[in-house]
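To keep things clear, I will list the structure first and then write my remarks on it.
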Amino acid sequence: MNEIGEEENLSLLSEDTVKLAEYIESVIPDAINLIAQDENVSIALLNTGNMTSGGTSSEGCTVIPLPQDFLRFVSLRLSGWKREVQRISPFGSEDYKIQHNAVTRSGVNKPSCVFAHNRTGLCIECFPSGELQYFNYVKSMTDSSDDSLSNYGESLMPAICYACAYLVYNIFEMPNVAEQMLKIAVQVLPKIQ
């Protein structure tokens with residue numbers, strides 16, 4: 113924890129080591145989610161999930177509700193599409209507007225997906241419509257149990273540790289040190305080959 117701190121600052125963290133351990137354990141899920149959201153982290157190192165059924169189709173669009181544990185989009189393909197989609201456009205973007213116009217929306221050769229909202233919450237709208245073949249995504253970390261941590265690549269552990277330090281230093285209201293920890297976390301991330 114005291115990677116770049118000075119000796120006088122160490123006493124702040126050393127006074128209550130039991131509470132410090134609790135803080136660290138409590139931020140592990142958030143630290144993992146922080147690292148897993150980075151687009152530069154290889155999907156192979158992360159805990160992924162998939163769906164092969166679901167969604168409703170109408171008016172040239174298939175709507176797929178996001179699962180509870182959704183964190184990051186990986187890929188999606190519907191029946192009839194010539195290729196999968198690996199990039200999703202944000203709600204309200206220019207692509208979102210294009211897809212909601214029946215004349216300008218995508219076809220089967222270059223399908224498109226956009227984030228949207230419906231009565232059940234956040235969802236993905238897919239153009240043109242079809243039956244879901246697969247939807248791959250990165251799962252959100254919800255608790256810090258040991259078996260959950262084993263779902264992540266060992267090469268991510270240094271970055272996760274520094275992300276934990278970033279979050280704990282924020283708890284202790286030390287934003288300058290926290291930002292340094294976040295910078296180090298990003299620097300030690302394994303690069304996609």
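Counting from 113, one number per residue, gives the positions in the sequence shown under the working numbering. Even glycine gets a Cβ: it sits at the ideal position worked out from N, Cα and C.
Nearest-angstrom Cβ-Cβ length linking Pro240 and Ser205, presumed shorter than 8 Å: For the purposes of this step, residue 240 is taken as residue 128 along the sequence shown, with counting starting at 1. For the purposes of this step, residue 205 is taken as residue 93 along the sequence shown, with counting starting at 1. Going by Cβ atoms, the distance from Pro240 to Ser205 rounds to 19 Å, so no, they are not a contact pair.
Would Lys251 be called buried (16 or more neighbouring beta carbons within 10 Å of its own) or exposed? For this step, residue 251 is matched to residue 139 along the sequence shown. When all chains shown are included, Lys251 counts as buried.
Is it right to say Pro223 is buried, meaning 16 or more other beta carbons lie within 10 angstroms of its own, or is it exposed? By one-based count along the sequence shown, residue 223 stands at place 111. The residue in question, Pro223, is buried, as its Cβ has 16 or more Cβ neighbours within 10 Å.
Same chain, Cβ closer than 6 Å to Arg208, neighbours up to 5 away in sequence not counted: If you number the sequence shown from 1, residue 208 lands on position 96. Just to set this straight, residue 208 is Tyr in the shown sequence, not Arg. Excluding positions up to five away in sequence, the list reads Ser201, Val226.
Since Ser198 is in the alpha helix (DSSP H), which residue starts that stretch and which ends it? Residue numbering aside, residue 198 sits at position 86 when the sequence shown is read from its first letter. Strictly speaking, residue 198 in this sequence is Gln, with Ser absent from that position. Note, Gln198: premise wrong, no alpha helix (DSSP H); not H, not E.
Between which two residues does the alpha helix (DSSP H) holding Ile283 run? Here residue 283 refers to the residue found at position 171 when the sequence shown is read from its first residue. Run containing Ile283: 269 to 283, per the alpha helix (DSSP H) assignment.
I'd like to check one pair, Leu268 with Gly166: are the Cβ atoms closer than 9 Å? Residue numbering aside, residue 166 sits at position 54 when the sequence shown is read from its first letter. Residue numbering aside, residue 268 sits at position 156 when the sequence shown is read from its first letter. Not closer than 9 Å, so no.
Where the beta strand (DSSP E) containing Lys251 begins and where it ends: For this step, residue 251 is matched to residue 139 along the sequence shown. Its beta strand (DSSP E) spans residues 244 to 251.
Excluding sequence positions up to five away, which residues of its chain have a Cβ less than 7 Å from the Cβ of Arg184? Counting from 1 along the sequence shown, the entry for residue 184 is found at position 72. Ala148, Gln149, Tyr249, Val250, listed in sequence order.
Helix, strand or coil for Glu151, going by three-state DSSP, please let me know. Residue mapping note: residue 151 aligns to position 39 of the sequence shown, counting from 1. Glu151 falls in the coil class under three-state DSSP.
With 16 other Cβ atoms within 10 Å as the buried cut-off, status of Asn159: The residue you call residue 159 lines up with position 47 of the sequence shown. By the 10 Å Cβ count, Asn159 comes out buried.
8 Å contact criterion, which Leu157 and Pro270 should meet: CB distance rounded: Locating residue 157 in the sequence shown gives position 45, where the first residue counts as 1. Locating residue 270 in the sequence shown gives position 158, where the first residue counts as 1. At roughly 12 Å, the Cβ-Cβ gap does not stay under 8 Å, so Leu157 and Pro270 are not in contact.
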